[in-house]
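The structure under discussion appears below in the form of structure tokens.
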Amino acid sequence: ELLNEKEQENQELRQRINLLESQNVMVSGDDDDVIMKAVEDRVKQWKDVFKAKDDEIDDLKRKLISLHDKLQIYSMDDQKADVTALNKAVAEKDQQILMLRKKVEEATNDLIKQTDALDRMRSDYTGT
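All you need for our numbering is the position in the sequence shown, starting with 1, plus 1.
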């Protein structure tokens with residue numbers, strides 16, 4: 002009877018062990034599911050972050066292209082302004098050259114008149 006009792010106790014303990022092992026497997030499986038769910042959630046979060054960053058990069062690329070185009074336009078405008086300013090400066094210099102030519106011509110004419118007058122005075126002086 003003691004033997005039967007011990008055998009029954011042993012049987013109950015084995016059943017409890019089997020029950021605990023099956024619960025452990027289920028809990029372990031649940032833990033795996035929880036971990037996998039957490040990993041999947043984290044992966045989704047990072048995918049969302051990467052997508053947002055990709056969108057931001059694309060937006061910045063578009064802005065960069067736009068700014069580059071504007072820079073080329075402004076550069077052309079600046080070059081046109083530079084050409085206009087240079088043309089104006091050349092026109093002013095041309096005016097100065099014309100004015101100086103007139104002054105040189107007048108001075109040359111005055112010099113010729115003075116030379117002629119001196120020559121007449123000499124001839125009058127030597128002639129008398």
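Ideal placement from N, C-alpha and C gives every residue a C-beta, glycine not left out.
Just so it is clear, the structure is predicted and the values come from calculations on it, not from any experiment.
Handout entry: Where Glu2 sits in the DSSP three-state scheme
Key = The answer is coil: DSSP assigns Glu2 none of H, G, I, E or B.
Handout entry: Cα-Cα separation, Ser76 to Asp60
Key = Rounded to the nearest angstrom, the two C-alpha atoms are 24 Å apart.
Exercise for the section: Under 8 Å Cβ to Cβ from His69, same chain only, skipping five residues before and after it: list those, please. Expected result: Answer for His69: no residue qualifies.
Problem - Alpha-carbon spacing of Glu106 relative to Asn88, whole angstroms - result: Taking the CA atoms as reference points, Glu106 sits about 27 Å from Asn88.
Practice task
Please report how far the alpha carbon of Gln96 lies from the alpha carbon of Ala90, in whole angstroms.
Solution key: Between the C-alpha atoms of Gln96 and Ala90 there is a straight-line separation of about 10 Å.
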